[in-house]
Structure formats: structure tokens, C-alpha cells
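This report concerns only the one structure given below.
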Amino acid sequence: MRGAGRVVTDMTLKPPGTIEWERGAGMKIFLGYPAEHENIAREVFGLLTAKGDDVWFDKERLVPGMDWDAERDKGQREADLAIHLCSDAIWERRGVVNREIRQSLRLAEDQPFGARYIIPIRIGSFNLPVELTRFQYFDFGDGWEEQLSSGVEKRREQISVGAPERSRQAVTAGRSHEGLRKVEFENITEDHDCRGEYLNYENEGLYWTYLNGAIAALVLEGYFSALSDFKRLYPDNMGEDSGERKHEWSIRSEEFFRFGDMLSVRFYSYIGLAHAAHPSHYITTLNFFGEDAGSISIQELLGHSPDNARRVIRYCEKVIIAEFEDEIGQDSFFGGYADDEDALWKLLSQFGFDTRGLTFNFSPYDVLPYVLGSHEVLVSWRFMEDLIDADYRDILNRLSPQSG
10 MRGAGRVVTD
20 MTLKPPGTIE
30 WERGAGMKIF
40 LGYPAEHENI
50 AREVFGLLTA
60 KGDDVWFDKE
70 RLVPGMDWDA
80 ERDKGQREAD
90 LAIHLCSDAI
100 WERRGVVNRE
110 IRQSLRLAED
120 QPFGARYIIP
130 IRIGSFNLPV
140 ELTRFQYFDF
150 GDGWEEQLSS
160 GVEKRREQIS
170 VGAPERSRQA
180 VTAGRSHEGL
190 RKVEFENITE
200 DHDCRGEYLN
210 YENEGLYWTY
220 LNGAIAALVL
230 EGYFSALSDF
240 KRLYPDNMGE
250 DSGERKHEWS
260 IRSEEFFRFG
270 DMLSVRFYSY
280 IGLAHAAHPS
290 HYITTLNFFG
300 EDAGSISIQE
310 LLGHSPDNAR
320 RVIRYCEKVI
330 IAEFEDEIGQ
340 DSFFGGYADD
350 EDALWKLLSQ
360 FGFDTRGLTF
370 NFSPYDVLPY
380 VLGSHEVLVS
390 WRFMEDLIDA
400 DYRDILNRLS
410 PQSG
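This is the structure in C-alpha cells:
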């Protein structure tokens, strides 16, 4: 690997209210949003245009008589940066906002690796589609102006030098909130761009040491495996003469749920191979049910019962089919699980928990119509109550007292 390493042990943050945008260095920015959040879109539009950026915002660009789709497509293709306001509407209905997001994702694949081309802004508390989670997002709320300005300026810097920095290794550790740090690292060379982020808890005791070790191990195992695969499986793209396309790998983690010493963590992974037509996105999870239980797999929760697992997967399948039956009209989303126990447990292996129940994550590669992307299904504790192994009923009662 090329490039000298450096370690930064603390992050320097600008004081609240500080917005430092370079005047006279306008970019072309595309702004997409759900219709019910036009007021927020106007706030974002006003902030961006006040500093000289050329923002494509439909309420300002489209007039009667125009071919709206053609103009919108042109605005996206010419943009240096795409900003998308995302609410739970992108899960609940079809329409232009989803079409715009998919178009930005396609355009992102043509950008240089490491380009900060998309900035998602989350409105409300919901899980972003896995395809968007490779891009650093933030929540619309207090301080959103500073977070947006930082993202826009980083993109402006990339454009001003023509491309992302090509050879760099770095590790940054910064406190996200009290008792929790985010450790970020990157390895950028002529051959590949690798970026990672994982959580580190400052609680004392062996349990939290174990928990931190498991989180770091999952992330770093993925990182070193990716480096090995790039070199071992694709040697033609390792070297200074390998061409413009590079391999890319990234992972980021976030809390799905935390209650005392119970913790559910999601990891969003992305891998783009120089030889591949399309990148891969997937979610992995870790679940810790407290000091007395540690990490528990779905097999253990369901008492290693294939029948219980089939009941859960059939429930999930019905939910997904109900979401898409008008669009594709098929009656099955999973193939081969009924008689293949290994496939069955693998389908259910990535899940999170909270006070509502278990949320199962299915990657685009788990379902038959790959083009429909990732899916998640919440299975309530009420449904799970009779399926949970007796040894873990105390966990169920702790998370969902009404079930007892």
C-alpha cells in the first residue's frame, strides 16, 4: 500500500453557527425532495444560492410548457453535486422522488472514486435505503446549515483540484456524543479507495471490551479481506498503469437500538470492482442482548427450529409482496429456502431488535427481482412471542413488557 499513515486522535469542529463557503466558486447543484417537504427544500435552496451556487430546484426552474422530465434529467446530468431530502415517503410510495434518487445513484457510478457526489439529508427518524448509506448523510434539525456547508465545501475542494487525493492513509477518532466515539479510517491509492467507520464505546468492563472488539473486528476483517481480494483476484488493476477505474470499498456503522447494555448495530457495506458492471450494497448486523446473554444469533432466538424460521420468512415474504405486487405481479420473493435450512438461516441472519420487534434486512441479492433493491421487514414481538426459545423469554419481556 502506498502513502504515509497518520493518526489523528481528536476532531476539530467549527463553532456552531459558523458557515464558511467560498464566494465566487459556484457549483451546479441538483436539489431533490418529496413534495410534502417543499418548505424545507426552499430553506436549503436559499442557503445554497446565497453563496453563489447554481441550484436546480424545480419550483424555480420549471415553467408551464416545458418537458419536465427532460429538464429534470438535464439538471441532474449537469450537476457537480446532488442533494436529496429523504423522508419515509421514499419507502411508502412510488414517484418522481424515487426516480431522481435512482438517477443520482447511476450518475454517481461515473464519478471518480472517492467523489462526494451525493449528500442525503434525512427528514425524520427512519432507515435510509442501503443504496444511499454509502454516502455520509445527516439529519435535518439543529445545526443542519453547518453540516450541509461542510459537505458542500468538501465537494467544492474536490472539484477545484480536479480529483480526490490519490494516495493517503489516515485514521481519525472523534467523539460522536457522550460515551461514544466514531473511528474513521481511509486508504486511498492509485489502485483503490477504501473508507471505513465504526463505533467505539467508552464504557468500562469486560462486556464493553468484548462489544467494542466485535464491532472493530467485523469492520477491519472486511477491510483487510477487500485489500486481499483486490490484489489476489484482480491483479491487473494493481499498479500505476491500471487505468482510470479503481476498486472501491467502504463501510459505516450506526446504532439501530440501544437500551442499557442491550445494543443492536447495523453496518452498511459497499464494494465496487473495477471490472464489475454494478457495485454491491449490503447490510450486516451485530446484536448484543446484555452482559448475561452476549451476542445471540437468529438460530438461537428461534430455538434452532426450521419450522419457526419458515413461519418468520413466510411473514416477511408476504409483507414484501404486498409492497410490490401491483408493480411486478409475482407471488414469490425468496427461492429455495423451504427445503434448504442453510439458505433459510442465511436469509434471516441479518436483523436488528428494538422495543417493537425484530427488523430483518434483505439485500438485493436475497430476493428474486434484484432490480428492486434492498428490503426490510419489521416482525412484531407479538408475532414472535410463540417462536422465541424459552431460554430467551426474559429478553422478550425486558424489551416488550406487555408480552409477559
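For what it's worth, the numbering used here labels the leading residue of the sequence shown as 10, then goes sequentially.
Beta carbons are placed, not taken as given, at the ideal position from N, Cα and C, and that holds for glycine.
A quick note: this is a predicted structure, and the numbers were derived from the prediction, not measured.
Just to confirm the assignment, what range does the beta strand (DSSP E) spanning residue i have?
{"i": "G205", "result": "H201 to Y210"}
{"i": "E193", "result": "L189 to I197"}
{"i": "I397", "result": "Run containing I397: none; DSSP gives neither H nor E here."}
{"i": "D63", "result": "D63 to W65"}
Across which residues does DSSP place residue i in a beta bridge pair?
{"i": "N370", "result": "E385"}
{"i": "G281", "result": "E257"}
{"i": "V274", "result": "E264 and L295"}
{"i": "L90", "result": "I38"}
{"i": "C325", "result": "Partner(s): none; C325 has no beta bridge."}
{"i": "D148", "result": "R131"}
{"i": "H290", "result": "Y279"}
For residue i and residue j, I'd like the C-alpha separation in whole angstroms.
{"i": "E5", "j": "F265", "result": "This structure does not reach residue 5, given that the chain is present from 10 up to 413, and the question cannot be answered."}
{"i": "K240", "j": "D200", "result": "9 Å"}
{"i": "Y126", "j": "D62", "result": "15 Å"}
{"i": "K163", "j": "T142", "result": "18 Å"}
{"i": "I329", "j": "Y146", "result": "26 Å"}
{"i": "E195", "j": "F144", "result": "14 Å"}
{"i": "A79", "j": "L57", "result": "24 Å"}
{"i": "S96", "j": "T368", "result": "19 Å"}
{"i": "R319", "j": "Q308", "result": "12 Å"}
{"i": "D400", "j": "H313", "result": "12 Å"}
{"i": "Q359", "j": "Y277", "result": "12 Å"}
{"i": "S237", "j": "R204", "result": "15 Å"}
{"i": "E45", "j": "E52", "result": "14 Å"}
{"i": "E300", "j": "G361", "result": "18 Å"}
{"i": "L157", "j": "T218", "result": "35 Å"}
{"i": "S134", "j": "E257", "result": "29 Å"}
{"i": "L356", "j": "D349", "result": "11 Å"}
{"i": "I280", "j": "H290", "result": "7 Å"}
{"i": "F39", "j": "A124", "result": "16 Å"}
{"i": "A98", "j": "L215", "result": "42 Å"}
{"i": "D67", "j": "Y210", "result": "44 Å"}
{"i": "A91", "j": "D119", "result": "13 Å"}
Can you tell me whether residue i is buried or exposed? The criterion is at least 16 other CB atoms within 10 Å of its CB, across all chains shown.
{"i": "H93", "result": "buried"}
{"i": "N212", "result": "exposed"}
{"i": "R111", "result": "exposed"}
{"i": "D89", "result": "buried"}
{"i": "T294", "result": "buried"}
{"i": "L114", "result": "buried"}
{"i": "T198", "result": "buried"}
{"i": "G269", "result": "exposed"}
{"i": "K255", "result": "buried"}
{"i": "R323", "result": "exposed"}
{"i": "E326", "result": "buried"}
{"i": "R131", "result": "buried"}
{"i": "F54", "result": "buried"}
{"i": "A235", "result": "buried"}
{"i": "F233", "result": "exposed"}
{"i": "G231", "result": "buried"}
{"i": "H287", "result": "exposed"}
{"i": "H284", "result": "exposed"}
{"i": "S159", "result": "buried"}
{"i": "A50", "result": "buried"}
Tell me whether residue i sits in a helix, a strand or coil according to DSSP, three-state version.
{"i": "F266", "result": "strand"}
{"i": "F360", "result": "strand"}
{"i": "P315", "result": "helix"}
{"i": "G127", "result": "First, the residue type needs correcting, since residue 127 is Ile and not Gly in the sequence shown. Strand."}
{"i": "F392", "result": "helix"}
{"i": "S306", "result": "coil"}
{"i": "I168", "result": "helix"}
Which stretch, first to last residue, makes up the alpha helix (DSSP H) that contains residue i?
{"i": "V105", "result": "V105 to A117"}
{"i": "D403", "result": "R402 to L408"}
{"i": "I49", "result": "E47 to T58"}
{"i": "T218", "result": "L215 to L242"}
{"i": "H120", "result": "Note that residue 120 is Gln in the sequence shown here, rather than His. No alpha helix (DSSP H) holds Q120; DSSP gives it neither H nor E."}
{"i": "L137", "result": "Neither: L137 is in no alpha helix (DSSP H) and is coded neither H nor E."}
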